[in-house]
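For what it's worth, this note's numbering labels the leading residue of the sequence shown as 50, then goes sequentially.
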Amino acid sequence: MKRSFLLAAAFATVALLPAAAAAQGVPGGIERGSREGERAAGPVGAIVGGTIGGVVGGVNGVLGIDQRPRFHSYVVERHHPSYTYGGEVRVGADLPGDGVTYYDVPPEYGTHDYRYTVVNGRTVLVDPRTHRIVEIVE
Numbered sequence: 050m051k052r053s054f055l056l057a058a059a060f061a062t063v064a065l066l067p068a069a070a071a072a073q074g075v076p077g078g079i080e081r082g083s084r085e086g087e088r089a090a091g092p093v094g095a096i097v098g099g100t101i102g103g104v105v106g107g108v109n110g111v112l113g114i115d116q117r118p119r120f121h122s123y124v125v126e127r128h129h130p131s132y133t134y135g136g137e138v139r140v141g142a143d144l145p146g147d148g149v150t151y152y153d154v155p156p157e158y159g160t161h162d163y164r165y166t167v168v169n170g171r172t173v174l175v176d177p178r179t180h181r182i183v184e185i186v187e
């Protein structure tokens, strides 16, 4: 039993790395890795795939590593005013719905689910439904 579990987990790990690498962010990575893992190796694959997808998605962030500098330059060129926030600017912080201007992310960055703004001089990606910071782009 243990041997088949380990074999299934190893198979799911190898099979899922490319799929997880393509996922965007931790939530997207978990979801996609879990789906792909379940298809490849059943419930064990879903667990392993979700874990790997979350890790890889967290490393890549919402924007890919290669997109961050270009997106940051894009935002700086627009000279958006910076919102002064009294709390710590960190992933997971909730921004207010009023007083902050949220901007659409251009389609070429492939992240139509989020908006961006500038908070305390830092570019951040925000979930428009919750106003929660999902990535700090530097």
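The beta-carbon is built from N, C-alpha and C at its ideal position, and this holds for glycine as well.
All values reported here derive from a predicted model rather than from experimental measurement.
Looking at the structure shown, is E184 part of a helix, part of a strand, or coil, going by DSSP? strand
Is Y163 closer than 8 Å to D176 when the C-beta atoms are compared? yes
Could you tell me whether the Cβ atoms of E199 and L112 are closer together than 8 Å? Given that the chain is displayed from residue 50 to residue 187, the structure contains no residue 199 and the question cannot be resolved.
Rounded separation between A142 and Y152 - CA only: 18 Å
Please classify T179 as buried or exposed, where buried requires at least 16 neighbouring CB atoms within 10 angstroms. exposed
Residues in its own chain within less than 8 Å of E170 by CB, not counting five upstream and five downstream? Residue 170 is actually Gly in this sequence, not Glu. Cβ neighbours of G170 beyond the five flanking positions: S131.
May I ask you to report which of helix, strand or coil DSSP gives R171? strand
In chain order, what residues of the same chain lie with their CB nearer than 8 Å to the CB of H129, ignoring the 5 residues before and after it? T150, Y152, T166, V167
Three-way DSSP call (helix, strand, coil) for R139 in this model: coil
Other residues of its chain near V140: CB distance less than 7 Å, five sequence neighbours each side excluded: I182, V183, E184, I185
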